[in-house]
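Following: one structure in structure tokens, then a few remarks.
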Amino acid sequence: MAMFDGTDTVVLYDELAYEDVLPFAWRPLPHEPSPEVMASLAERNLRVLQFCAALEEHGPVREKVDETAPHAADLLRIELKVNLLLDLVGQILAASQQRPAALPVRFNARGIVWKATAPLPAAGTHGIAEIYLRDTLAEPLRLPGRIEGVIAQDYVEALFVPPPEPIADLIEKLAFRRHRRRIAGSRQPRRG
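Residues 14 to 205 (our numbering) make up the sequence shown, in order.
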């Protein structure tokens with residue numbers, strides 16, 4: 014499996030996937046989590062994904078203010094200030110929290126592939142993938158799964174325990190937004 018091969022569409026298990034270099038850790042478990050633990054993880058994951066979607070919703074700041082909209086310039090200034098505050102809080106969080114090393118990851122609601130370092134997890138073992146999506150989010154996305162195996166060049170593959178539908182939908186939307194931004198970026202003329 015080639016990671017970061019420069020193609021526009023990132024796929025994993027025949028579905029659109031999110032690909033980036035993010036703080037990531039695989040936390041081994043002796044067995045699959047209990048239903049109570051799964052419910053707690055689902056509740057937290059839903060919040061993390063909703064917060065992430067809200068942060069991404071505003072998109073890039075508009076360069077031109079719509080002069081026909083009342084208070085548009087004021088709203089733009091407020092939006093810029095809120096974005097600045099979020100970035101500052103993210104920097105403070107990142108500096109004050111011990112986070113795992115950033116690794117190349119590709120994931121969707123079905124599973125994950127990541128570039129691992131020794132010791133590599135054994136096939137068939139259970140664990141929780143912790144993915145820190147943004148510096149401004151204090152908690153990582155925590156997805157329980159099982160190691161499928163090690164594939165080429167120390168990449169590890171794990172299948173997730175199927176998440177509840179709302180979480181799977183939000184992960185799918187996260188991957189789609191990333192894909193859409195990637196396509197838009199590739200269509201922009203290069204400056205310079």
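The beta carbon of each residue, even a glycine, is placed where N, CA and C say it ideally should be.
Next on the checklist: If you reduce the DSSP assignment to three classes, tell me which class G137 lands in.
Outcome noted: Here G137 sits in coil by DSSP.
Checklist entry - Based on the DSSP output, what are the partners of G124 in its beta bridges? => result Beta-bridge analysis with DSSP links G124 to L172.
Checklist entry - What's the C-alpha gap between F173 and G140? => result Near 9 Å, if we compare the C-alpha coordinates of G140 and F173.
Next on the checklist: Does the beta-carbon of A108, which I'm using as the reference point, lie nearer than 7 Å to any heavy atom of the ligand COA?
Outcome noted: Ligands are entirely absent from the displayed structure, and the ligand COA is therefore not among its contents.
Next on the checklist: Within 10 Å of its beta-carbon, does F37 have 16 or more other beta-carbons around it, so buried, or fewer, so exposed?
Outcome noted: Under this definition F37 is a buried residue.
Checklist entry - Which whole-angstrom value is the C-beta distance of A52 and N121, which I expect to be below 8 Å? => result Their Cβ separation, rounded to whole angstroms, is 22 Å, which puts A52 and N121 out of contact at 8 Å.
Next on the checklist: Buried or exposed for T22, going by 16 or more other Cβ atoms inside 10 Å?
Outcome noted: Classification for T22: exposed.
Next on the checklist: Please return the same chain residues whose Cβ sits closer than 6 Å to the Cβ of P153, not counting the five positions on each side in sequence.
Outcome noted: Only E143, I144, Y145 meet the Cβ criterion.
Checklist entry - Which value, in whole angstroms, describes the spacing of the CA atoms of D33 and L68? => result Straight through space, the alpha carbons of L68 and D33 are spaced by roughly 17 Å.
Next on the checklist: According to DSSP, is E45 part of a helix, a strand, or is it coil?
Outcome noted: Annotated three-state conformation of E45 is coil, per DSSP.
Next on the checklist: In this structure, how does DSSP classify F17 when only helix, strand and coil are distinguished?
Outcome noted: Below a pLDDT of 50, predicted positions are generally treated as unreliable, and F17, at 45, falls in that range; no measurement from the model is reported.
Item to check | Whole-angstrom distance between N58 and L128, CA atom to CA atom | outcome: For the sequence presented, residue 128 should be read as Lys rather than Leu. Between K128 and N58, the C-alpha separation is close to 23 Å.
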